[in-house]
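One structure is given here, and the rest of the page talks about it.
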Amino acid sequence: MRVIGTAGHVDHGKSTLVKALTGIDPDRLAEEKAREMTIDLGFAWFTLGGGQTVGVVDVPGHRDFIENMLAGVGGIDAILFVIAADEGIMPQTREHLAIIDLLGIEHGLIALTKVDMIDDPEWLSLIAEEVRAGLQHSTLATAPMIPVSALNGDGMDMLHRTIEQVLSGIAVEQSYTTPHLPIDRVFTMPGFGSIVTGTLHGGLLKVGDEIELQPSGIRGRVRGIQSYKQGLQTALPGSRAAVNIAGIDHQDIQRGMVLSHPGIIVPTRLFDAHFRHLADASRPLEHNAEIKVFTGTSEATGHVRLLDHETLPPGADGWIQIRTEQPLAMLPGARFIVRYPSPGETIGGGVIIDPHPPQRWKRFQADVTDRLRLRADGTPEQRLAQAADAPEPLKRAALHARTGLDRTTFESALTAALDQELVVLLPDQTLIAAGRWRYWRESLIEIVSAFHHEFPLKAGIPREELRSRLGIRQAVFNALIAELDGIREAATLVSATSHIIQFNATQQTLVDSLLDQMNASPFTPPSVQEGMAAVGSDIYFALLALGEIVQVAPDVMFTAAAYHALIDGVQQLLDLHGSVTAAQVRDQFGTSRKYAIGLLEHLDSIGMTRREGDARVRSVRGGSSS
Ligand code: GDP
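Structure below.
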């Protein structure tokens, strides 16, 4: 299925011609009827001799409405350029031709209309020559030109046949990327709810599909699809479709949004692009100039950063970054147009290279332009690897969308990229660029070793602190830790396997003295508070981490040896009596109630014992012996 768009100056007879061609009046708005002018986009369709349905997007020609035209001509297969024979080429025709060119529309034809108004055939051929000359440097330079009259029908058959011929020469979009439909119209119908229209690209859209609208991210479901007034289960890329959406209020939908499967398109306010400045632009493009950008059916205001030019003269091209005020939904490879806001002027456009650059690039950096060149012209696996260099690992479908590659190319590029270790497949099946993965690994090791350096007496860095400093998701963090040989995790602390807590001579003296004191009365040792006061809290926690000391209650600690002796003693008492009381522990070890109770509460908490009245019995969950 095909879509053609119209272009031409206002009053040259575009709408009349579309109506003659399709039998549908594209001027649907009452206001348009009143003003007899195409303001918004009109839609119509007709069937070619071979049975093929062709959609027609009739775009307005008036200067004020040029921005609506941009919403219409993005995503069409061919252009039907309408020029009235009695008027010929107008100043504004140049702008229309430039836009067609910048949008990469390479196919089209010219309808030289209103020929009924020209009596003299010689005059007509003169005009045709003049029009041909005016098209000289455009993509329509060699396009067929058909003289027609919508009024008396002259030339209409020829127009039909020529459209068929032009369309048959265009390859059908066969290699699918991912379905996306830039919305150009929204309305409601009683009993149906929200309906959006647009030209579908990249893949199949089916009734029942879960969908998402970007940049807002609202989700819904496809309830029904119509294409050219026919209900469909599946819409094909390249066709116009009206999609009935369940679950989204029409007030939450606007022209410019993109409908796609969920989790595929991530909105952006910064993108990298290659830009062609029109030769007849009024002045050089300045760095940081305020501009309006149009892509798909959306538009935004923003500023342009010139990456490889001080200023960009008319006729030149270069690498740019555009920052926008409003978020946009876009895929790489899409075309865009740039205009000055006021006075309005189309100044150029180009191709979106990367919708999600990792940062605002510094200007005049060879590595930046190299990167952009690689992204634009590199091998599919290089482009894939660059697209995988995201702030977080991507699901396969999302990575696919970011590459802008068709499905077959993407699949083989992915195999190649994995083989060449350009990307890493994580256990949760997400993908990340090898360079980014390496960066995270190195950063993790760096942070852990810096932590050990700063806190030599600490066993390790708390995992949450480490994770948040790396700024990565839990699943990615886990995969990272699992993969790193020299890193271990114990009790939510992450450390280098090589890390050992070592005391210096002064510290060791303090430690020895405390341990001596504790060993001297193992079951009535100094309290936690006294211990901390003796060695300092850092050393105290190090002793805990090393397992030299076990703390059983807020103020009760034992040496490891005493702790194990106590546990053995409690086990024996349990074997003997089936239960144990604080008094029994106190008497058995010649200690005090404080220590005995501290210990038993601890044993409850680790699940060895369970309190029953005044005594402890073996806990079911603790098992019979430790
Ligand atoms: P648009 O602004 O390009 O869509 O132009 P319209 O289709 O509204 O046509 C502008 C005017 O030209 C209207 O008054 C039409 O009736 C007239 N017109 C359109 N096509 C023809 C044609 O083939 N022959 C003649 N004589 N008049 C035409």
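Numbering-wise, the sequence shown is residues -11 to 614 according to the numbering used here.
Glycine residues also receive a C-beta, built at the ideal position from the N, C-alpha and C atoms.
- prompt: Which residues share a DSSP beta bridge with alanine 269?
  reply: As computed with DSSP, alanine 269 is found in no beta bridge at all.
task: Tell me where the alpha helix (DSSP H) around glutamine 374 begins and ends.
output: Secondary structure note for glutamine 374: its alpha helix (DSSP H) is the uninterrupted segment 368 to 375.
message: By alpha-carbon positions, which one of His291, Gly601 and Leu266 ends up nearest to isoleucine 87?
response: Closest by alpha carbon: Leu266.
- prompt: What does isoleucine 341 pair with, by DSSP beta-bridge criteria?
  reply: BP columns for isoleucine 341 are empty, so no partner.
Chain-order list of residues whose beta-carbon lies under 8 Å from that of isoleucine 325 (same chain, five-residue window excluded): Leu58, Ile87, Leu90, Leu91, Val281, Phe282, Thr283, Thr334, Gly336 and Gly337, listed in sequence order.
field: Any non-hydrogen atom of the ligand GDP closer than 7 Å to leucine 139 Cβ
entry: Yes; taking the cut-off as 7 Å, the Cβ of leucine 139 has a heavy atom of the ligand GDP nearer than that.
query: Among Asn466, Ala116, Asp355 and Leu481, which residue has its Cα nearest to the Cα of arginine 451?
result: The candidate whose alpha carbon is nearest that of arginine 451 is Leu481.
message: Within the continuous beta strand (DSSP E) that includes alanine 234, where are the two ends?
response: Counting along the chain, the unbroken beta strand (DSSP E) around alanine 234 starts and ends at 228 to 234.
task: List the DSSP bridge partners of proline 450.
output: Beta bridge pairing from DSSP links proline 450 with Leu481.
- request: Report the three-state DSSP secondary structure of phenylalanine 443 (helix, strand or coil).
  value: Reduced to three states, the DSSP call for phenylalanine 443 is coil.
query: Quick one: is proline 346 buried, meaning 16 or more other Cβ sit within 10 Å of its Cβ, or exposed?
result: With fewer than 16 Cβ atoms within 10 Å of its Cβ, proline 346 is classed as exposed.
DSSP-derived helix/strand/coil call for leucine 294: In the three-state reduction of the DSSP assignment, leucine 294 falls in the strand class, which pools E and B.
- prompt: Does the Cβ of leucine 258 have 16 or more other Cβ atoms within 10 Å, making it buried, or fewer, making it exposed?
  reply: That one is buried.
- request: Let me know the alpha helix (DSSP H) ranges lying completely inside the region 467 to 521, each 4 residues or longer, listed in chain order.
  value: Listed in chain order, they are 493 to 508.
- request: Answer yes if the region 168 to 178 comes into contact with the region 240 to 251, meaning at least three C-beta pairs across the two stretches below 8 Å, and no otherwise.
  value: Judged by Cβ distances under 8 Å, the region 240 to 251 makes contact with the region 168 to 178, as three or more pairs qualify.
- request: Rounded to whole angstroms, what's the CA-CA distance from glycine -4 to valine 70? Just pull it up for me.
  value: A direct Cα-to-Cα measurement between glycine -4 and valine 70 gives close to 5 Å.
message: So the candidates are Ser501, Glu117 and Ile64; which of them puts its Cα closest to the Cα of glycine 519?
response: Closest by alpha carbon: Ser501.
query: Does the distance from the C-beta atom of arginine 209 to that of isoleucine 199 stay below 8 Å?
result: Contact check for arginine 209 against isoleucine 199 passes: the beta carbons are separated by less than 8 Å.
- request: Please classify glycine 76: does DSSP put it in a helix, a strand, or coil?
  value: The answer is coil: DSSP assigns glycine 76 none of H, G, I, E or B.
- prompt: lysine 350: buried (16+ other C-beta within 10 angstroms of its C-beta) or exposed?
  reply: When all chains shown are included, lysine 350 counts as exposed.
C-alpha gap between leucine 458 and aspartate 416, whole angstroms: If you take the alpha carbons of leucine 458 and aspartate 416, they lie about 19 Å apart.
query: Does the beta carbon of lysine 2 fall short of 7 Å from some heavy atom of the ligand GDP?
result: Yes, the beta carbon of lysine 2 sits closer than 7 Å to at least one heavy atom of the ligand GDP.
query: DSSP puts leucine 393 in a beta bridge; with which residues?
result: Per DSSP, none; premise fails for leucine 393.
field: Nearest-angstrom Cβ-Cβ length linking arginine -10 and glycine 226, presumed shorter than 8 Å
entry: So it is a contact: roughly 6 Å between Cβ atoms.
- prompt: Between which two residues does the beta strand (DSSP E) carrying lysine 582 extend?
  reply: First-last for lysine 582: 581 to 593, but that is the alpha helix (DSSP H), not the beta strand (DSSP E).
message: Quick check: the Cα distance between glycine 601 and leucine 587, rounded to an integer number of angstroms?
response: Cα-Cα distance, rounded: 17 Å.
- request: Count the other C-beta atoms from every protein chain shown that fall within 10 angstroms of the C-beta of aspartate 65, then say buried if there are 16 or more, exposed otherwise.
  value: Aspartate 65 counts as buried, since no fewer than 16 other beta carbons sit within 10 angstroms of its beta carbon.
message: Suppose the cutoff is 7 Å on Cβ atoms and the five residues either side in sequence are ignored; what does the same chain contact list for arginine 23 look like?
response: Here the model assigns arginine 23 a pLDDT of 48, short of 50, so the residue's position is not dependable and the matter cannot be decided.
message: Using a Cβ-Cβ cutoff of less than 6 Å, which residues in the same chain neighbour glycine 260 once the five nearest sequence positions on both sides are dropped?
response: Checking the sequence shown, residue 260 turns out to be aspartate, not glycine. Cβ neighbours of aspartate 260 beyond the five flanking positions: Gln309, Ile341, Asp342, Pro345 and Leu360.
message: Using the three-state DSSP reduction, which class does phenylalanine 465 fall into: helix, strand or coil?
response: In the structure shown, phenylalanine 465 sits in a helix (DSSP, three-state: H, G or I).
task: Just the C-alpha distance for alanine 617 and asparagine 232, rounded to the nearest angstrom, thanks.
output: What is shown of the chain runs -11 to 614, which leaves residue 617 out entirely.
field: Exposed unless 16 or more other CB atoms sit within 10 angstroms - verdict on arginine 271
entry: By the neighbour-count rule (16 or more Cβ atoms within 10 Å), arginine 271 is not buried but exposed.
message: I need the DSSP call for isoleucine 93, collapsed to helix, strand or coil.
response: Judged by DSSP in its simplified three-state form, isoleucine 93 adopts coil rather than helix or strand.
field: Cβ neighbours of alanine 304 in the same chain (closer than 6 Å, five flanking residues each side left out)
entry: His265, listed in sequence order.
- request: Please name the residue or residues paired with methionine 144 in a DSSP beta bridge.
  value: DSSP lists no bridge partner for methionine 144.
query: So glutamine 374 and leucine 362 are in contact, right, with Cβ under 8 Å, and what is the actual spacing, rounded?
result: Between leucine 362 and glutamine 374 the Cβ distance is about 7 Å, and since that is below 8 Å, they are a contact.
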